[in-house]
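A.B. asks: The structure follows.
There are 2 protein chains.
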Amino acid sequence: MALSKFNLFHYQLNAVSCFLNRQLPKSARCLSTVLVPGEASGPSVKTTVPGPKSRQMIADLDKIQFAGSVFYFTDYKNSLGNYVVDADGNSILDVFSQISSLPLGYNHPDMHKVVQDPDNQIAFINRPALGIFPAQGWPEKLTNSLLSVAPKGHTQVNTMACGSCSNENAFKAAFMWYRNKQRGGASISDEENSSCLVNRAPGSTPFTIMSFKGSFHGQTLGCLTTTHSRSIFKLDFPALDWPIASFPRYKYPLEDHVKENEAEDRRCLAEVEEQFEIYNKAGKFVAGVVVEPIQAEGGDVHASPEFFQQLQRIIKKNGAALILDEVQTGGGATGKYWCHEHFNLPDPADFVTFSKKMLTGGFYSLPEFRPQQGLKIFNTWMGDPSKVLLLEKVVQVVKRDNLLKLVELSGKKLMDGLKDLSNRFPQHMKNNVRGIGTFCAFDLTSPQKRDEAFFRLQQHGVQSGPCGEQTIRLRPFLVFQPKHADIFLDVLEKVLKEIQTP
Amino acid sequence: MALSKFNLFHYQLNAVSCFLNRQLPKSARCLSTVLVPGEASGPSVKTTVPGPKSRQMIADLDKIQFAGSVFYFTDYKNSLGNYVVDADGNSILDVFSQISSLPLGYNHPDMHKVVQDPDNQIAFINRPALGIFPAQGWPEKLTNSLLSVAPKGHTQVNTMACGSCSNENAFKAAFMWYRNKQRGGASISDEENSSCLVNRAPGSTPFTIMSFKGSFHGQTLGCLTTTHSRSIFKLDFPALDWPIASFPRYKYPLEDHVKENEAEDRRCLAEVEEQFEIYNKAGKFVAGVVVEPIQAEGGDVHASPEFFQQLQRIIKKNGAALILDEVQTGGGATGKYWCHEHFNLPDPADFVTFSKKMLTGGFYSLPEFRPQQGLKIFNTWMGDPSKVLLLEKVVQVVKRDNLLKLVELSGKKLMDGLKDLSNRFPQHMKNNVRGIGTFCAFDLTSPQKRDEAFFRLQQHGVQSGPCGEQTIRLRPFLVFQPKHADIFLDVLEKVLKEIQTP
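Going down the list, the protein sequences come from chains A and B.
Going by UniProt numbering, the first sequence wraps up at 502, each residue one higher than the last.
Going by UniProt numbering, the second sequence wraps up at 502, each residue one higher than the last.
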């Protein structure tokens, strides 16, 4: 279905907005600037989504691997900025950004420059075993990219290939640190060295990592033990016996439920204390607590800064490490590089893990968590320098184009619009619109309605992301502007008017 | 130290060899052809390795992360073919190939072409969430690369980012398959769905993966449970209670110990049977057995084709899956794409996992191991299409330049030379030289001598790889020619004459 009237309207709106924006202060220029030249002015949908070409390709792929999770095939060559073009030529406003992983949208001109540079091409084709043979200049590259945006108090960083490996290795670093504290300077015994080879104590430790109900930390077996968002991820797989506590589930609107939500914080924190006591007493010592600043896959579940402040105090009191999993929240979508910077924690987090929008996986850790020996936080590739070259440029563009400010402005527009719609369509939308920056989400009033809304958004040329039971999450690119928010909100309004599910 | 006399000798040797090779049949042209134009004619070492510049960079990196495992910093721009150039300008014959991970050597001209192609650059900068939004043409790319060299009987492949994730996901696929067999078509209960969310039965399974003493399968917690090569990898980390059997340890020379080694096979296979019985009886059902065709990190430990044939029969009899970990052995270094193709197995392996030289991680699996639902063998990126573009070209070059034949010829040269040296230097080298293709190794007579030999090889401009207790492994590139084998063997002879360790 063509959206030509719709497009025309937005073209006009853009023209007016460009004129008005000349009056804006410098900090808000990102509102008006064309951030990705040549970008479409609105979605344009010609077929159902997925269309016949995508459906054929899904059938082709399914001969090679299970292809049941594919939405559609994509024409990356013709995708640009905030718009993804699918194999059937539909141009779709993408507010899901490859599961929140592509920072600057499609074919950003500065990303092209990185890969066109012959010096950089060396890194794209000579992938090193980074832990043994890094390229000269590698410390500077880390300094210019990951360390230039490090969370407060962090000077140490390790790179990894993906989010799961980042969390797994942060867990391992926490275990080593905890064991070294237990040893108190004693040297490693022969028995430790031999017993660990066959998975036995004392060399193999009974240590645990505490996690929260509803969380998602990845899909390798260690990470999966700490993941509790949806049974599909976990069913049929073995898991370790590690402690689990409740994560706050607030009543909305927040301002009307201050007391209840404070009580909810206390309830969950008491569970954390209790789990520490149970597991430590049983000798299954809790070396770390892993937590998302916002539970993303679990349905964009937010907790208060006070919850995280208290959580850090409890963890410290129990001699464990705080592992903040910023794989999805990190990289700028909350208007800061790290979501937990909104929490005003008393101390820096012990670990901050990342991947997705940072393009490389890895983790920051405080100096006391440095390994004492080589090869322990290790694997063949230890990440990929070509991703760090891309990240270095992303960091420059974010600064140059003032994109964190843009996230804040576009986020406000999104939040205001979503709240307005939730007031106007209470039969479909719950009144728990929530978000920081453009990291926003809203619930439909039933899982079936969520599925319908998600599908209808796609048919109208908007790619959103489902999560939790009945949530739609927005994960736009860092080049998502208020004009894109307007388009999204208009389409959502249309969808809310169309919903048939009772 | 300059090796100019040495270089001159090899230059002359090359000239003679080029002349002679005009008479060679087409299949052996790879012997004489200049595979990487402009490649150095021999190593050239000016400083100690690592030199002062590398040492300064190691100190710089150590401010950011533990840098104790770094050998030296590398000048990838000036590295070419089989020669790596370090930050101090030393040109080093690299027979370790970034822990066996770079297939065609440094800056191969065909690899440059891949990244210079503007169409390919799209894939380098628009990394998709492959499980949801693959690029149009993706099934064809998989067909032209991974499936074109698939092990016999394999038509199904999944991509992953690294070797550990490949093994973890193969384990998961085996668990799902095993559980579905148990269910016998019954549907999934509510109790299964709710219990798995908190890591409890029946949704979380008590299933196990059997592994072998001495093995290495990666360093995430699931993989680490199956890794038993060295305590450094495992100490201080928790592990699951999974079965472990012995892997054959043969007496060399093989031809003089046929009976003992057959008995060793039987001993180990009996342990496999026994572990199946113990764990299955205890309800800790063994869903799969993971094994390397050659235990690489563990010291290049070989087992006979008969061992693997019997192992497959036992696994099948016990209703489990055979997971062949070809992360290090795969990709051509044995003269075939998959080492297990040398074993003449009665049936295709259920899973073959890969990474390293394949540039992308992933696994092949037989159709019966396909997941029944989406999102279970899943993560954000599911690998990286830009690596598959590079692999597609590697596969073409391997075929065009007849590199598997070259591996066979260079491997024979290496093996003959190593055996000769082990006969001439029995005070330093054990008589257990072993290898398939260029995937070769030899033991020194003590760990200390291994360390000295490794160090002296480096000082003379040869980068080898240590593994096991007292082993040096060779993992040259696929463009390693007999002339490079000559250079390596001459340097090794010099080193064996120099060794001081008693």
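Positions of the beta carbon are idealized from the N, C-alpha and C atoms, including for glycine.
Keep in mind it's a predicted model, so treat the numbers as computed, not measured.
Using the beta-carbon count (16 or more within 10 Å), is residue 266/A buried or exposed?
C.D. replies: Within the first sequence, numbered from 1, the residue matching residue 266/A stands at position 266. By the 10 Å Cβ count, residue 266/A comes out exposed.
A.B. asks: Which of the residues in the segment 219-240 of chain A, read from start to end, lie with their CB under 7 Å from any CB of chain B?
C.D. replies: Going along the segment 219-240 of chain A in chain order, one finds 219, 220, 221, 222, 225, 228, 231, 232, 233, 234, 235, 236, 237, 238, 239 and 240 with a Cβ nearer than 7 Å to chain B.
A.B. asks: Is residue 77/A close to chain B, meaning its C-beta is less than 7 Å from at least one C-beta of that chain?
C.D. replies: Taking the first sequence and counting its residues from 1, one reaches residue 77/A at position 77. Chain B, which has a Cβ nearer than 7 Å to the Cβ of residue 77/A, makes this yes.
A.B. asks: Quick check on the burial criterion: 16 or more other C-beta atoms within 10 angstroms. Buried or exposed for residue 23/B?
C.D. replies: What you label residue 23/B is simply residue 23 of the second sequence in a count that begins at 1. Any reading at residue 23/B needs caution, since the residue's pLDDT is 47, under 50, leaving its predicted position unreliable; the model's value is listed next. Exposed, since its Cβ has fewer than 16 Cβ neighbours within 10 Å.
A.B. asks: Please state the DSSP three-state secondary structure of residue 3/A.
C.D. replies: As a first step, residue 3/A is located in the first sequence; it is residue number 3 there, counting from the start. Below a pLDDT of 50, predicted positions are generally treated as unreliable, and residue 3/A, at 35, falls in that range; the measurement from the model is reported next regardless. Residue 3/A: coil per DSSP, three-state reduction.
A.B. asks: Between the Cα of residue 337/A and the Cα atoms of 461/A, 446/A, 439/A and 112/A, which residue gives the shortest distance?
C.D. replies: Indexing the first sequence from 1 puts residue 337/A at position 337. The shortest C-alpha separation from residue 337/A is found at 439/A.
A.B. asks: Between which two residues does the alpha helix (DSSP H) containing residue 441/B stretch?
C.D. replies: Working through the second sequence from its first residue, we reach residue 441/B at position 441. First-last for residue 441/B: 439-443, but that is the beta strand (DSSP E), not the alpha helix (DSSP H).
A.B. asks: Between residue 166/B and residue 353/B, is the Cβ-Cβ spacing less than 7 Å?
C.D. replies: Here the question's residue 166/B lines up with position 166 in the second sequence. Here the question's residue 353/B lines up with position 353 in the second sequence. The answer is yes: Cβ separation under 7 Å.
A.B. asks: From the beta carbon of residue 323/A, is the nearest beta carbon of chain B less than 7 Å away?
C.D. replies: Here the question's residue 323/A lines up with position 323 in the first sequence. Closer than 7 Å: no.
A.B. asks: Just by C-beta distance, which residues in the segment 305-320 of chain A are closer than 8 Å to chain B?
C.D. replies: Hits within the stretch: zero.
A.B. asks: In this structure, what does DSSP give as the bridge partners for residue 44/A?
C.D. replies: Position 44 of the first sequence holds residue 44/A. For residue 44/A, which the question treats as bridged, DSSP gives the partners 91/A.
A.B. asks: For residue 299/A, which option in 115/A, 453/A, 469/A and 89/A has the closest C-alpha, if you only look at C-alpha atoms?
C.D. replies: Here residue 299/A refers to the residue found at position 299 when the first sequence is read from its first residue. Residue 469/A is the option with its Cα nearest to residue 299/A.
A.B. asks: Are residue 343/B and residue 369/B touching if we call contact CB-CB under 7 Å?
C.D. replies: On the second sequence, position 343 is the one that residue 343/B refers to. On the second sequence, position 369 is the one that residue 369/B refers to. Their beta carbons are not under 7 Å apart, which means residue 343/B does not touch residue 369/B by this criterion.
A.B. asks: So what's residue 504/B in DSSP terms, helix, strand or just coil?
C.D. replies: Here chain B has residues from 1 to 502 only, and residue 504/B is not among them.
A.B. asks: Whose C-beta lies closer than 8 Å to the C-beta of residue 450/A among residues of the same chain, with five residues either side of it excluded?
C.D. replies: Numbered from 1 along the first sequence, position 450 holds the residue referred to as residue 450/A. Once the five neighbours on either side are set aside, the close Cβ partners of residue 450/A are 443, 444, 466, 469, 470, 471 and 472.
A.B. asks: Who pairs with residue 210/B in a beta bridge, going by DSSP?
C.D. replies: Along the second sequence, read from residue 1 onward, the residue named residue 210/B stands at position 210. Per DSSP, 289/B.
A.B. asks: Among 36/B, 37/B and 41/B, which residue has its Cα nearest to the Cα of residue 483/B?
C.D. replies: Sequence index remark: in the second sequence, residue 483/B carries index 483 (1-based). Out of 36/B, 37/B and 41/B, 41/B has the C-alpha closest to the C-alpha of residue 483/B.
A.B. asks: Counting contacts by CB-CB distance shorter than 7 Å, is residue 479/B in contact with chain A?
C.D. replies: One-based indexing of the second sequence puts residue 479/B at position 479. No, residue 479/B does not count as interfacial toward chain A.
A.B. asks: Could you name the residues of the same chain whose beta carbon sits closer than 6 Å to that of residue 50/A, not counting the 5 residues immediately before and after it, in chain order?
C.D. replies: Against the first sequence, residue 50/A aligns to sequence position 50. These residues qualify, in order along the chain: 72.
A.B. asks: Specify the secondary structure class of residue 72/B as computed by DSSP and reduced to three states.
C.D. replies: Counted from its first residue, the second sequence places residue 72/B at position 72. Here residue 72/B sits in coil by DSSP.
A.B. asks: From residue 490/A to residue 461/A, what does the alpha carbon distance come to, in whole angstroms?
C.D. replies: Mapped onto the first sequence, residue 490/A falls at position 490. Mapped onto the first sequence, residue 461/A falls at position 461. Cα to Cα, residue 490/A sits roughly 11 Å from residue 461/A.
A.B. asks: Got a sec: which bits of the segment 81-95 of chain B sit with their beta carbon under 7 Å from any beta carbon on chain A, in order along the chain?
C.D. replies: Within the segment 81-95 of chain B, the residues whose Cβ lies closer than 7 Å to some Cβ of chain A are 87, listed in chain order.
A.B. asks: Run down chain A in chain order and give the residues with a C-beta less than 8 Å from the C-beta of residue 370/B.
C.D. replies: For this step, residue 370/B is matched to residue 370 along the second sequence. Ordered by position in chain A, the residues that pass the 8 Å Cβ test against residue 370/B are 65 and 66.
A.B. asks: Is it a yes or a no for the segment 65-84 of chain A touching the segment 106-116 of chain A, going by three-plus beta-carbon pairs under 8 Å?
C.D. replies: Contact between the segment 65-84 of chain A and the segment 106-116 of chain A is present, because at least three Cβ pairs lie under 8 Å.
A.B. asks: For residue 136/A, go through chain B and note every residue whose CB falls closer than 7 Å to its CB, in chain order.
C.D. replies: In the first sequence, the residue the question calls residue 136/A occupies position 136. Within chain B, the residues near residue 136/A are 57, 73, 74, 75 and 87.
A.B. asks: Would you say residue 111/B reaches chain A, if we count a Cβ-Cβ gap shorter than 7 Å as a contact?
C.D. replies: Translated into the one-based positions of the second sequence, residue 111/B becomes position 111. Yes, because at least one Cβ of chain A sits closer than 7 Å to the Cβ of residue 111/B.
A.B. asks: Are the C-beta of residue 60/A and some C-beta of chain B separated by less than 7 Å?
C.D. replies: Here residue 60/A refers to the residue found at position 60 when the first sequence is read from its first residue. Chain B, which has a Cβ nearer than 7 Å to the Cβ of residue 60/A, makes this yes.
A.B. asks: Let me check understanding here. Comparing Cα to Cα, which of 478/A, 400/A and 195/A lies closest to residue 81/A?
C.D. replies: Start at 1 with the first residue of the first sequence, and residue 81/A comes out as number 81. Residue 478/A is the option with its Cα nearest to residue 81/A.
A.B. asks: What is the C-beta distance between residue 322/A and residue 350/A, in whole angstroms, given that I count them as a contact (C-beta under 8 Å)?
C.D. replies: In the first sequence, the residue the question calls residue 322/A occupies position 322. In the first sequence, the residue the question calls residue 350/A occupies position 350. About 5 Å separates the two Cβ atoms, so the contact holds.
A.B. asks: From the DSSP output, in three-state form, read off residue 466/A for me.
C.D. replies: Within the first sequence, the letter at position 466 stands for residue 466/A. Residue state, collapsed to three classes: strand.
A.B. asks: For a contact defined as C-beta to C-beta under 7 Å, what are the partners of residue 139/A on chain B?
C.D. replies: Counted from its first residue, the first sequence places residue 139/A at position 139. Neighbours of residue 139/A on chain B, chain order: 57, 60, 61 and 64.
A.B. asks: Given this structure, state the Cα-to-Cα distance separating residue 315/B from residue 431/B, to the nearest angstrom.
C.D. replies: By 1-based counting over the second sequence, the position of residue 315/B is 315. By 1-based counting over the second sequence, the position of residue 431/B is 431. If I take the Cα positions, the gap works out to 33 Å.
A.B. asks: Can you give me the Cβ contacts of residue 129/B inside the same chain, cut-off strictly under 7 Å, excluding the 5 residues immediately before and after it?
C.D. replies: As a first step, residue 129/B must be located in the second sequence, where it is residue number 129. Closer than 7 Å at the Cβ level, and outside the excluded window around residue 129/B, lie 380 and 381.
A.B. asks: Whole beta strand (DSSP E) runs in the segment 363-419 of chain B with 3 or more residues, listed along the chain?
C.D. replies: Here no run is fully enclosed.
A.B. asks: Looking only at its chain, what residues have a beta carbon closer than 6 Å to the beta carbon of residue 39/A, apart from the 5 residues adjacent to it on each side?
C.D. replies: Position 39 of the first sequence, counted from the start, is the residue given in the question as residue 39/A. These residues qualify, in order along the chain: 80 and 81.
A.B. asks: By the 10 Å Cβ neighbour count, where 16 or more other Cβ atoms means buried, how is residue 185/B classified, buried or exposed?
C.D. replies: Along the second sequence, read from residue 1 onward, the residue named residue 185/B stands at position 185. The residue in question, residue 185/B, is exposed, as its Cβ has fewer than 16 Cβ neighbours within 10 Å.
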